[in-house]
Amino acid sequence: MYLLNYLYFIVITGLGYKWLTAREGYLKNPLDRTQLMRLDGPEMFWILTFATGLLAFSAPGTLNLMALRLWVLEIFCFVGLFIVKRRSVWSVASVLYLAFIVWMCIGLFYTPSPMYGIRVIMKYLYAFLIMLFASAAVRHAEVFIKASIAARTVAIISIIVAFTPFAGILFRGVFWYGTAEAINYISMFVFSLAMFYFTNEKKKNLLLSILFILPCILWVFRTSIIGTTLALMTFMFFRYKLKSLPVIIGVFVLFLIAVFYIPAVRDKMFFDDSSASISQVQTGDISMDNINTNGRSAMWTWCLNRFYAGHELAGCGTGNLQETFYSLRHPFGTIKICHNDYVQILCDNGLIGLILFGASFMCVIFHCFIVYQNHKYDTAIRMCAIVAGASLAGTMLTLYTDNVINYSMATISYPCGFYGMMLGMLAKGKRQ
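Note that the numbering used here has the sequence shown beginning at 3, numbered continuously upward.
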């Protein structure tokens with residue numbers, strides 16, 4: 003069944019090229035389904051690209067189809083910047099992210115693994131190109147809503163496939179891995195929550211919000227559970243500011259209840275789950291030593307001691323850590339990733355890399371907060387701002403316990419895409 007993924011890849015790539023280079027096209031208006039809206043080529047390409055980021059099209063063999071798809075999309079986005087008639091919009095956040103990319107490129111000059119370094123850079127570059135292209139392509143609320151609903155529809159299909167017996171045989175390799183899907187659902191959860199607050203379709207969007215929470219709980223993916231919790235808390239802070247503190251505390255209490263009273267989660271969280279309780283949190287009897295990290299803590303310590311210590315400022319070179327793990331030149335069996343993007347950045351690019359990366363995304367969240375609080379902006383702009391800021395906060399947390407950037411097409415690119423769309427719609431508002 004993997005052979006079908008080659009066909010899917012060719013069809014999606016061909017459609018992307020056709021739409022990107024088209025003069026105009028027509029799609030149903032998401033705000034009025036009885037009407038068609040006229041779009042230019044880059045707008046249609048953006049809708050297609052944002053909608054299909056969850057599709058991996060993996061296939062065994064010498065040709066890495068997922069990597070090829072990433073490179074093709076990056077080429078399309080880069081070329082699209084010259085095709086689109088509108089200028090891309092820059093912010094402090096995007097400038098800092100570009101500086102981070104440049105610093106990673108400098109890391110190629112002192113890394114012993116330049117080819118792996120290029121691979122790592124490409125994964126980080128995708129989120130930047132998505133942000134930049136979205137800021138140029140999107141100017142209208144209809145495009146933002148259309149792309150977001152299309153992405154959510156694909157995410158819903160992925161959930162149906164995941165929980166339907168034998169459906170995986172027909173869709174083998176079509177979607178990203180479960181870990182990547184669960185992190186993608188953080189953005190879809192936040193978007194559905196925003197639709198609940200900003201539209202009249204309350205019941206539908208509330209049910210969809212709940213739907214996107216369920217997989218990470220049923221799969222017992224602690225990373226996405228924690229990320230979804232922080233995204234919800236950030237969303238509430240955006241919306242209600244200090245008045246949200248009781249709600250945030252309530253959400254945190256629900257998180258603790260899930261950790262300590264859902265058996266599957268508790269069993270996976272602690273070494274000795276029989277003695278773990280909320281009262282121990284209050285007394286401080288539970289520490290990191292009690293938490294089962296599946297060997298991650300030891301792995302992170304080993305990585306930092308070998309690649310970061312003595313090279314704190316600049317690291318050991320881009321791609322060095324990934325090459326070590328892919329070559330299995332480490333004492334952790336057949337593990338090929340260190341399960342922590344922040345550790346990888348520290349080892350490869352040092353404190354300078356981590357500061358640039360962290361500062362760029364913190365600027366995104368701060369910018370989104372400022373935009374959302376300004377009621378002079380259109381509803382679509384404010385809605386896009388709260389989705390971008392809250393989903394990025396949740397996704398950033400997941401980088402601490404997984405290599406989220408490895409699945410950047412399905413994970414970090416979505417908050418960046420929402421932010422890029424916000425910048426584009428802001429540019430239209432300022433001109434008006």
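Beta carbons: idealized from backbone N, C-alpha and C, even for Gly.
query: Out of curiosity, what's the CA-to-CA distance linking residue 97 and residue 172?
result: Your numbering for residue 97 matches position 95 in the sequence shown. Your numbering for residue 172 matches position 170 in the sequence shown. Roughly 43 Å between the two C-alpha positions.
- request: Compare the C-beta of residue 394 against all C-beta atoms of chain D and say whether one is closer than 8 Å.
  value: Given the protein chain composition of this structure (a single chain), no chain D is represented.
query: When the distance is taken between beta carbons, is residue 91 closer than 8 Å to residue 137?
result: Sequence index remark: in the sequence shown, residue 137 carries index 135 (1-based). Sequence index remark: in the sequence shown, residue 91 carries index 89 (1-based). In contact: residue 137 and residue 91 (Cβ atoms closer than 8 Å).
query: If we count Cβ pairs, one from each stretch, closer than 8 Å, do we get three or more for the segment 209-223 versus the segment 191-200?
result: yes
Minimum length 4: unbroken alpha helix (DSSP H) runs contained in the segment 127-214: 143-165, 169-172, 180-200
query: Would residue 321 pass as a contact of residue 350 if the rule is Cβ separation under 8 Å?
result: In the sequence shown, residue 321 corresponds to position 319, counting from 1. In the sequence shown, residue 350 corresponds to position 348, counting from 1. Yes; because the gap between Cβ atoms is below 8 Å, this pair is in contact.
message: Since residue 382 and residue 191 should fall inside the 8 Å C-beta cutoff, what is the C-beta to C-beta distance between them, to a whole number of angstroms?
response: As a first step, residue 382 is located in the sequence shown; it is residue number 380 there, counting from the start. As a first step, residue 191 is located in the sequence shown; it is residue number 189 there, counting from the start. In fact, because the Cβ distance is near 19 Å, the residues do not count as touching under 8 Å.
- prompt: According to the neighbour-count rule (16 or more other Cβ atoms, all chains shown, within 10 Å of its Cβ), is residue 149 buried or exposed?
  reply: Along the sequence shown, read from residue 1 onward, the residue named residue 149 stands at position 147. The residue in question, residue 149, is buried, as its Cβ has 16 or more Cβ neighbours within 10 Å.
task: Could you check the C-alpha separation between residue 59 and residue 250 for me, to the nearest Å?
output: For the purposes of this step, residue 59 is identified with residue 57 of the sequence shown, where counting begins at 1. For the purposes of this step, residue 250 is identified with residue 248 of the sequence shown, where counting begins at 1. If you take the alpha carbons of residue 59 and residue 250, they lie about 38 Å apart.
message: In this structure, how does DSSP classify residue 430 when only helix, strand and coil are distinguished?
response: As a first step, residue 430 is located in the sequence shown; it is residue number 428 there, counting from the start. Note: residue 430 maps to helix in three-state DSSP.
message: Within 8 Å, do at least three Cβ pairs link the segment 314-329 to the segment 103-111?
response: yes
message: Let me check one thing: in DSSP terms, what residues is residue 28 bridge-paired to?
response: Within the sequence shown, numbered from 1, the residue matching residue 28 stands at position 26. Residue 28 pairs with 40.
- request: State the start and end residues of the unbroken alpha helix (DSSP H) segment that holds residue 75.
  value: The residue you call residue 75 lines up with position 73 of the sequence shown. Its alpha helix (DSSP H) spans residues 67-85.
- prompt: For residue 56, which of helix, strand or coil comes out of DSSP?
  reply: The residue labelled residue 56 in the question sits at position 54 within the sequence shown. Correct three-state label for residue 56: coil.
- request: Please go through the same chain and pick out, in chain order, the residues whose beta-carbon is closer than 8 Å to the beta-carbon of residue 9, but skip the five residues on each side of it.
  value: What you label residue 9 is simply residue 7 of the sequence shown in a count that begins at 1. So the list is empty, once near-sequence residues are dropped.
query: What first and last residue would you give for the alpha helix (DSSP H) that runs through residue 222?
result: Mapped onto the sequence shown, residue 222 falls at position 220. Looking at the DSSP string, residue 222 is not in any alpha helix (DSSP H), and its letter there is neither H nor E.
field: Short Cβ contact (8 Å threshold) for residue 367 with residue 335
entry: Taking the first residue of the sequence shown as 1, we reach residue 367 at position 365. Taking the first residue of the sequence shown as 1, we reach residue 335 at position 333. No, these two residues do not count as a Cβ contact at 8 Å.
query: Just the Cα atoms here: how many angstroms apart are residue 338 and residue 328?
result: Taking the first residue of the sequence shown as 1, we reach residue 338 at position 336. Taking the first residue of the sequence shown as 1, we reach residue 328 at position 326. Their Cα atoms are separated by approximately 5 Å.
task: Could you name the residues of the same chain whose beta carbon sits closer than 8 Å to that of residue 159, not counting the 5 residues immediately before and after it, in chain order?
output: Within the sequence shown, residue 159 is the residue found at index 157, counting from 1. Hits under 8 Å: none found.
query: Given that a residue counts as buried once 16 or more other Cβ atoms are within 10 Å of its Cβ, and exposed if not, what is residue 255?
result: The sequence position of residue 255 within the sequence shown is 253, counting from 1. The residue in question, residue 255, is exposed, as its Cβ has fewer than 16 Cβ neighbours within 10 Å.
- request: Using the Cα positions of residue 144 and residue 220, report the straight-line distance between them to the nearest angstrom.
  value: As a first step, residue 144 is located in the sequence shown; it is residue number 142 there, counting from the start. As a first step, residue 220 is located in the sequence shown; it is residue number 218 there, counting from the start. Near 34 Å, if we compare the C-alpha coordinates of residue 220 and residue 144.
task: Please name the residue in 157, 224, 370 whose C-alpha comes closest to that of residue 413.
output: Looking up residue 413 in the sequence shown gives position 411. Out of 157, 224, 370, 157 has the C-alpha closest to the C-alpha of residue 413.
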